[in-house]
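Chemist:
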Amino acid sequence: MSAALAEGHIASAVQADGPPAIQLDKVNKWYGTMHVLRDISLQVATGERVVVCGPSGSGKSTMIRCINRLEQHQEGRILVDGTELTDDVRSLDAIRREVGMVFQSFNLFPHLTILENCTLAPIWVRRMPKKDAEELAMEYLRRVKIPEQANKYPGQLSGGQQQRVAIARALCMKPKIMLFDEPTSALDPEMIKEVLDTMVGLAEDGMTMVVVTHEMGFAQQVADRVIFMDRGEVVEQGPPEQIFNRPSTDRLKLFLSQILRGH
Amino acid sequence: MSDISLGSSVAGVPEAAPRQPPALTTGPAAWMRANLFSSWLNTAVTLVMAYFILRWALSFIDWAFINAIWSVPNNQTQACRALKGSDHPGACWAVITEKHRFILFGTYPYEQHWRPALVCVLFTALFVVSAMRRFWRWELAIVWAVTLTVIGVLMWGGVLGLEFVPQERWGGLPITLILATFGLAFAFPLAIMVALGRRSSMPAIRVLCIAYVEIIRGVPLISLLFMASVMFPLFLPEGINIDKLLRAQVAVILFAGAYLAEVVRGGLQALPKGQYEAADALGLSYWHKTGFIILPQALRLVIPPLVNTFIGFFKDTSLVLIIGIFDLLTAGKTAIVEPAWQGFGVEVYIAISLIYFIYCFAMSRYSQNLEAELNRHRVR
Numbered sequence: 313m314s315a316a317l318a319e320g321h322i323a324s325a326v327q328a329d330g331p332p333a334i335q336l337d338k339v340n341k342w343y344g345t346m347h348v349l350r351d352i353s354l355q356v357a358t359g360e361r362v363v364v365c366g367p368s369g370s371g372k373s374t375m376i377r378c379i380n381r382l383e384q385h386q387e388g389r390i391l392v393d394g395t396e397l398t399d400d401v402r403s404l405d406a407i408r409r410e411v412g413m414v415f416q417s418f419n420l421f422p423h424l425t426i427l428e429n430c431t432l433a434p435i436w437v438r439r440m441p442k443k444d445a446e447e448l449a450m451e452y453l454r455r456v457k458i459p460e461q462a463n464k465y466p467g468q469l470s471g472g473q474q475q476r477v478a479i480a481r482a483l484c485m486k487p488k489i490m491l492f493d494e495p496t497s498a499l500d501p502e503m504i505k506e507v508l509d510t511m512v513g514l515a516e517d518g519m520t521m522v523v524v525t526h527e528m529g530f531a532q533q534v535a536d537r538v539i540f541m542d543r544g545e546v547v548e549q550g551p552p553e554q555i556f557n558r559p560s561t562d563r564l565k566l567f568l569s570q571i572l573r574g575h
Numbered sequence: 004m005s006d007i008s009l010g011s012s013v014a015g016v017p018e019a020a021p022r023q024p025p026a027l028t029t030g031p032a033a034w035m036r037a038n039l040f041s042s043w044l045n046t047a048v049t050l051v052m053a054y055f056i057l058r059w060a061l062s063f064i065d066w067a068f069i070n071a072i073w074s075v076p077n078n079q080t081q082a083c084r085a086l087k088g089s090d091h092p093g094a095c096w097a098v099i100t101e102k103h104r105f106i107l108f109g110t111y112p113y114e115q116h117w118r119p120a121l122v123c124v125l126f127t128a129l130f131v132v133s134a135m136r137r138f139w140r141w142e143l144a145i146v147w148a149v150t151l152t153v154i155g156v157l158m159w160g161g162v163l164g165l166e167f168v169p170q171e172r173w174g175g176l177p178i179t180l181i182l183a184t185f186g187l188a189f190a191f192p193l194a195i196m197v198a199l200g201r202r203s204s205m206p207a208i209r210v211l212c213i214a215y216v217e218i219i220r221g222v223p224l225i226s227l228l229f230m231a232s233v234m235f236p237l238f239l240p241e242g243i244n245i246d247k248l249l250r251a252q253v254a255v256i257l258f259a260g261a262y263l264a265e266v267v268r269g270g271l272q273a274l275p276k277g278q279y280e281a282a283d284a285l286g287l288s289y290w291h292k293t294g295f296i297i298l299p300q301a302l303r304l305v306i307p308p309l310v311n312t313f314i315g316f317f318k319d320t321s322l323v324l325i326i327g328i329f330d331l332l333t334a335g336k337t338a339i340v341e342p343a344w345q346g347f348g349v350e351v352y353i354a355i356s357l358i359y360f361i362y363c364f365a366m367s368r369y370s371q372n373l374e375a376e377l378n379r380h381r382v383r
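This is how it looks when you write it as structure tokens:
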């Protein structure tokens, strides 16, 4: 983490033209009577890297999971790549093809080998020939630096390796947008760096990324914008330098003091 | 950091040789000591139990082998009856020698017995081939279809110069194998669909599946069989008559389907939610997700209860006796109705139990193997 902090900020590749990659308009969501997302409005441009942070229970995971409809919002509109998320299965499948997701608990398929994990969706969703899919998978496994594990099962890999496989698996679908839901929270400290390095590499390539994380070093190095959420609301947002050094709300100040004490 | 490396041993101190575990913590002697003779009370219990088991085993061997009569001439059972009443009773296996063809094949025409015999061999071969993982390919479905057709032709006849044998005359082991095999072959896919349907987001499908499971599970198999054999024909239009065996078969399928569906549902629920979400996030369609991610894992998880249900059903097929179908058990019962052979039920039931046991034990051992093999990915 500290190594990532020391390096300078990665140059952004945000493209202003064209529709935003992700657009949320006054999105509301309730679990029963609990209001978990309150009037969230947000735009993520193509090539932009957004880091979402906030205390636990602030709705940041719920928000990111609404973007590929693992959770359903009840009010407002969510547009991904110009397509609105509705109950229409076909548009949903189309969106999910373009949005990759990495989970806190990896969620690799334990009964399939690493290679099969990576080739399953390209073969059956993208209709790619098996051989091409395997070549593509090996290319991404090399990129996350574990090609030698291709024929092992997820249970034989360490947590950090599993998470890198999960990233490779998502990349094999050649998504336009990558969502990361606390990708390092379930990892032992010595494995966090290898996963963050992979994500930094991805950011350098200009991938549109929305990352829910507590890794402030990663946010400072990579993020174009940091969004601070609390109690289901976007409280503050801006470039990392502004959010971390000149917080304007008490809630953010409190949050920063808490996580800094933790480190 | 200093230059001291923690990995290497300190110079001058020889590395300890790997030590053997202390004597008497492994091996059969240690096992007996730990499990049978660990205290005075345990030793006493062990000795008393050993005494009774030995005594029982010795007298069983006397009865079953040493004093037993293996054959008698022309249904003359006086020797057997004399032996039964003597001080050293023995088994009269002559009843098996004499009646085995009736027990195995029921009232099937005697000179045609090679046909049901071949059917039993075909069924068993089909099980063995299907059990081998290297044959798990789509071609196996063709093998099943062909074999089951051949079995039907052999049993019914009426073509290829085979004499026609009406279903009423079938009996014995082929009936048991037919009911169990067709029963499970159709009930299992049905069960998977129902289990998936119970978790469907579509209310109509969900309600239908729940109703099916609850209604079928709520009545005994016997009443289902009665309905199939007595009530069902009343609703059919005049002149249409569905084979009695087929009706019983449908009842067995429906019954097994409901139970298996709940077993499969257990597996579906045991899967972490993350597996569903990961498949969704990759854009897999419902059927791809179910076929590649959910079912392979869910079914592996429930192999033990699944095989438990399979074995239970294999034996439950004997309930068809109440609607007058001659399965293995009924054929055995009927074999000893004849006055000459009355009173030799024990021998017949032991022989029949042995046949059931062979099939059930094979299933049980196979499932343990399959479980170990399919869950290898969980072992590090």
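Chains E and G are the protein sequences, given in the same order.
Our numbering numbers the first residue of the first sequence as 313 and each following residue consecutively.
Our numbering numbers the first residue of the second sequence as 4 and each following residue consecutively.
Note that CB positions come from ideal geometry on N, CA and C, so glycine has one too.
Anyone know if the C-beta pair for PHE492/E and VAL411/E falls short of 7 Å?
Modeler: No, Cβ-Cβ distance for PHE492/E and VAL411/E is not below 7 Å.
Chemist: Strictly under 7 Å for the Cβ-Cβ distance: is LEU382/E near chain G by that measure?
Modeler: Yes, because at least one Cβ of chain G sits closer than 7 Å to the Cβ of LEU382/E.
Chemist: Measure how close the beta-carbons of LEU349/E and GLY544/E come, nearest whole angstrom, since I'm counting them as under 8 Å.
Modeler: Rounded, the Cβ-Cβ distance is 5 Å, consistent with contact.
Chemist: Looking at chain G, is there any beta carbon in it that lies within less than 7 Å of the beta carbon of MET413/E?
Modeler: Yes, MET413/E counts as interfacial toward chain G.
Chemist: Closest to ARG202/G by C-alpha separation, out of PHE191/G, VAL132/G, VAL216/G, ALA190/G, would be which residue?
Modeler: It is VAL216/G.
Chemist: Ordered along the chain, which non-local residues of its own chain (more than five positions away) have a Cβ less than 7 Å from that of PRO367/E?
Modeler: Closer than 7 Å at the Cβ level, and outside the excluded window around PRO367/E, lie ASP542, PHE567.
Chemist: Can you check whether the C-beta of LEU373/G is within less than 7 Å of a C-beta belonging to chain E?
Modeler: No, LEU373/G lies away from the interface with chain E (no Cβ there is under 7 Å from its Cβ).
Chemist: For THR312/G, which three-state DSSP category applies?
Modeler: Correct three-state label for THR312/G: helix.
Chemist: So if I threshold CB-CB distances at 7 Å, which residues from the region 256–286 of chain G count as touching chain E?
Modeler: Those residues of the region 256–286 of chain G that come within reach of chain E (Cβ to Cβ, closer than 7 Å) are GLY277, GLN278, GLU280, ALA281, ASP283, ALA284, LEU285, GLY286.
Chemist: In the DSSP assignment, what residue or residues form a beta bridge with TRP342/E?
Modeler: According to DSSP, which records beta bridges pairwise, TRP342/E is partnered with HIS347/E.
Chemist: Where does PHE492/E sit, in a helix, a strand or coil, going by DSSP?
Modeler: The answer is strand: DSSP assigns PHE492/E an E or B state.
Chemist: The beta strand (DSSP E) with LEU391/E in it runs from where to where?
Modeler: Counting along the chain, the beta strand (DSSP E) containing LEU391/E begins and ends at 387–392.
Chemist: For the structure I just gave you, are there three or more beta carbon pairs, one from the region 97–115 of chain G and one from the region 328–336 of chain G, closer than 8 Å?
Modeler: With a cut-off of 8 Å, the region 328–336 of chain G and the region 97–115 of chain G count as touching, because enough Cβ pairs lie within range.
Chemist: Exposed or buried, which one is TYR113/G when buried takes at least 16 other CB atoms within 10 Å?
Modeler: It is exposed - the Cβ of TYR113/G has fewer than 16 other Cβ atoms within 10 Å.
Chemist: For the region 404–436 of chain E, which residues have a beta carbon sitting closer than 7 Å to at least one beta carbon of chain G?
Modeler: If the cut-off is 7 Å between Cβ atoms, the region 404–436 of chain E has ASP405, ARG408, ARG409, MET413, PHE415, SER417, ASN419, PHE421, PRO422, HIS423, LEU432, ALA433, TRP436 near chain G.
Chemist: Give the secondary structure of ILE145/G by DSSP, where H, G and I count as helix, E and B as strand, and everything else as coil.
Modeler: Three-state result, ILE145/G: helix.
Chemist: So which residues on chain A does ILE296/G lean against when the C-beta distance must stay under 7 Å?
Modeler: Among the protein chains in the structure shown, which are E and G, there is no chain A.
Chemist: Beta carbons nearer than 7 Å to chain G: which residues of the region 448–481 of chain E have them?
Modeler: Going along the region 448–481 of chain E in chain order, one finds TYR465, GLY467, GLN468 with a Cβ nearer than 7 Å to chain G.
Chemist: Does any residue of chain E have a CB that is nearer than 7 Å to the CB of PRO299/G?
Modeler: With 7 Å as the cut-off, PRO299/G counts as an interface residue toward chain E.
Chemist: Report the residue from VAL253/G, ARG104/G, ILE306/G, GLU171/G whose alpha carbon sits nearest the alpha carbon of GLY269/G.
Modeler: Taking only the C-alpha atoms, the option nearest GLY269/G is ILE306/G.
Chemist: If you count every other CB in all the chains shown that lies within 10 Å of the CB of SER12/G, and 16 or more means buried, which is it?
Modeler: Confidence at SER12/G is low in this model, with a pLDDT of 48, below 50, so the placement of that residue is unreliable and no value is reported for it.
Chemist: Please work out which residues of its chain come closer than 8 Å, Cβ to Cβ, to LEU377/G, disregarding the five sequence neighbours upstream and downstream, and give them in chain order.
Modeler: For LEU377/G, where only same-chain residues beyond five positions count, the Cβ hits under 8 Å are ARG303, ILE306.
Chemist: How would you list, in chain order, the residues of chain E whose beta-carbon sits under 7 Å from the beta-carbon of HIS380/G?
Modeler: Ordered by position in chain E, the residues that pass the 7 Å Cβ test against HIS380/G are PRO422, HIS423, TYR465, GLY467.
Chemist: For a contact meaning CB atoms closer than 9 Å, what does MET485/E contact in chain G?
Modeler: By Cβ distance, chain G contributes LEU285, GLY286.
Chemist: Which residue from LYS318/G, ARG379/G, ILE358/G, ALA282/G puts its Cα closest to that of ARG409/E?
Modeler: Per the Cα distances, ALA282/G.
Chemist: Return yes when the Cβ of ILE379/E is within less than 7 Å of the Cβ of THR395/E, no when it is not.
Modeler: No, they are not a contact pair.
Chemist: Do ALA60/G and GLY93/G have their C-beta atoms within less than 7 Å of each other?
Modeler: No, Cβ-Cβ distance for ALA60/G and GLY93/G is not below 7 Å.
Chemist: What is the residue span of the beta strand (DSSP E) that ASP461/E lies within?
Modeler: The identity of residue 461/E in the sequence shown is Gln, whereas the question assumes Asp. Unbroken run through GLN461/E: none, as it is neither H nor E.
Chemist: Under a CB-based cut-off of 7 Å, is HIS291/G close to chain E?
Modeler: It does; some Cβ of chain E falls within 7 Å.
Chemist: Based on Cα-Cα distance, which residue from ILE69/G, ALA261/G, PHE364/G, LEU163/G lies nearest to ILE219/G?
Modeler: Nearest option by C-alpha distance: ALA261/G.
Chemist: Taking only runs that begin and end inside the region 360–447 of chain E, name each unbroken beta strand (DSSP E) of 3 or more residues, in chain order.
Modeler: For the region 360–447 of chain E, whole beta strand (DSSP E) runs of length 3 or above, ordered along the chain, are 361–365, 387–392, 411–414.
Chemist: Helix, strand or coil: how does DSSP classify PHE347/G here?
Modeler: In the structure shown, PHE347/G sits in coil (DSSP, three-state: anything other than H, G, I, E or B).
Chemist: Of the residues VAL98/G, VAL146/G, ALA120/G, which one's Cα is nearest the Cα of GLY348/G?
Modeler: Cα-wise, what sits closest to GLY348/G is VAL98/G.
Chemist: LYS247/G to SER232/G, Cα distance in whole Å?
Modeler: Cα to Cα, LYS247/G sits roughly 6 Å from SER232/G.
Chemist: Determine the closest residue to GLY346/G out of ALA85/G, LEU193/G, ASP319/G, with distance taken between C-alpha atoms.
Modeler: Of ALA85/G, LEU193/G, ASP319/G, the residue nearest in Cα terms is ALA85/G.
Chemist: Within the continuous beta strand (DSSP E) that includes MET541/E, where are the two ends?
Modeler: MET541/E -> beta strand (DSSP E) spans 537–542.
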